[in-house]
Amino acid sequence: MEKVVSGIRPTGNLHLGNYFGAVRSFVKMQDEYNCMFFIADWHSLTTHPKPENIQSSARTILAEYLACGIDPEKAPIYVQSDVRETIELYLYLNMNMYLGELERVTTFKEKARQQPDNVNAGLLTYPTLMAADILQHRANKVPVGKDQEQNMEMARKCARRFNNIYGVEFFPEPENFYFADKAVKIPGLDGSGKMGKSTGNCIYLRDDDKTIRKKVMRAVTDNGPEAMNSPRPEVIENLFTFLKIVSAPDVYSYFDEKWNDCTLRYGDLKKQIAEDLCALVAPIRERIEEYSANTELLDRIAARGAEVARASAAATVDEVRRIIGFRR
Ligand code: TRP
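Position 150 of the sequence shown, counting from 1, maps to 149 under numbering that gives the first Met the number 0, and the rest follow consecutively.
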């Protein structure tokens, strides 16, 4: 079975955009592929050398992904820093990566601009660490967003180069596995295109009913439909997108007709969305709370995940040592 590996940025607090994007596709993939997911806490040292509460942020993310339906029996989930084997592979791979090509990576250039006083070697070799994350499991597919394209190109380069240098066909070239094409894009409630943390227009999976209602009721609208069967302006279409995602098809048709015959009241539409959203989010929120309260269980799941990941990485590193010629 094809292997899928993906890293999760260690910033918790998932919102609906994440849920309908990456998270739900991870949940689907775990039934179709041999999946492993991990929290990329080492990578965060490239920008935050002294992170606060590393352990509790890892638990937060773990609780959220489990609450959304990641089943650790199907898809082990682990913390990157628990798998020390990665570092050895990172070292070997770095020997074949060149300064010039690493310096040309856009995210490196961006970060170097953002933190001119901390252009560290870890930042430069971020793509190598990511390649090690992937190649240690000899993964075939990596679900990532478009912003990771260049890092994925580097991971393939690492695989190819290793194979060429040692005359082996050991590492498969990992493919990008875009879920974004199939995933539903969640619009922002402020009329902006997309729900995202930086735009401050998010509904979080941890939001309570009251907060969700408030956020929905505050959503931007206009003066109302002006002519029968007219096309909807973006802010209104955004509300209908929500309705399509969270409400039943007949509810959608009901409001769609109301729009078309100019009898739609936005207050009613928002109330409907708010109630259906609450019904969707509440059970997830409750599961997040349950998991969060059970740190022992979370630690056990992470430890078990690490065990599986270490076994997989150790086998790879062992073979790499053999290929290069080191004692095993
Ligand atoms: N760079 C990825 C991001 O910023 C996170 C990540 C680290 C990752 N290692 C990975 C993703 C390995 C996929 C595979 O989102």
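Heads up, the beta-carbon is just placed ideally off N, CA and C, and yes, glycines get one too.
How far does the beta strand (DSSP E) with residue i in it extend, from its first residue to its last?
i	result
Gly-6	2 to 7
Tyr-77	76 to 78
For residue i, does the three-state DSSP call read helix, strand or coil?
i	result
Asn-93	helix
His-14	strand
Cys-261	coil
Asn-33	strand
Ile-185	coil
Val-82	coil
Tyr-203	strand
Asn-228	coil
Asn-175	strand
Lys-108	helix
Lys-140	strand
Gln-345	This structure leaves residue 345 out entirely; the chain is present only between 0 and 327.
I'd like the span of the alpha helix (DSSP H) that includes residue i, first residue to last.
i	result
Met-129	125 to 134
Asn-163	148 to 165
Met-216	208 to 216
Asp-40	40 to 43
Glu-51	Careful: Glu-51 lies outside any alpha helix (DSSP H) and carries neither H nor E.
Ile-235	233 to 245
Gly-99	98 to 102
Thinking just about the alpha-carbon of each residue, which of the options is nearest to the one in residue i?
i	options	result
Leu-268	Tyr-251, Pro-282 and Val-280	Tyr-251
Pro-224	Asn-259, Asp-207 and Val-245	Asn-259
Phe-178	Gly-195, Met-153 and Asp-146	Asp-146
Lys-243	Tyr-290, Glu-233, Asp-255 and Val-234	Asp-255
Ser-55	Gly-11, Thr-85 and Glu-102	Gly-11
Glu-102	Cys-67, Thr-127, Thr-210 and Tyr-64	Thr-127
Say the cut is 6 Å; is the CB of residue i nearer than that to a heavy atom of the ligand GTP?
i	result
Val-3	The ligand content of the structure shown is limited to the ligand TRP, which means the ligand GTP is not among them.
contact_flag[the stretch 35 to 42, the stretch 184 to 203] where n(CB pairs < 8 Å) is 3 or more = By the Cβ rule, the stretch 35 to 42 does not count as touching the stretch 184 to 203, because fewer than three pairs are nearer than 8 Å.
For the stretch 254 to 302, list the beta strand (DSSP E) runs that are entirely contained and at least 3 residues long, ordered along the chain.
-> Whole beta strand (DSSP E) segments, 3+ residues: zero.
Counting Cβ pairs closer than 8 Å, one from the stretch 214 to 229 and one from the stretch 282 to 302, do we hit at least three?
-> They do not touch, by the three-pair rule.
Examine the Cβ distances between the stretch 119 to 133 and the stretch 96 to 107 and report whether three or more of them are shorter than 8 Å.
-> Here the stretch 119 to 133 makes contact with the stretch 96 to 107; the two share three or more CB pairs at distances below 8 Å.
Touch test, the stretch 24 to 33 against the stretch 155 to 164, Cβ-Cβ under 8 Å, three pairs minimum | The stretch 24 to 33 vs the stretch 155 to 164: no contact.
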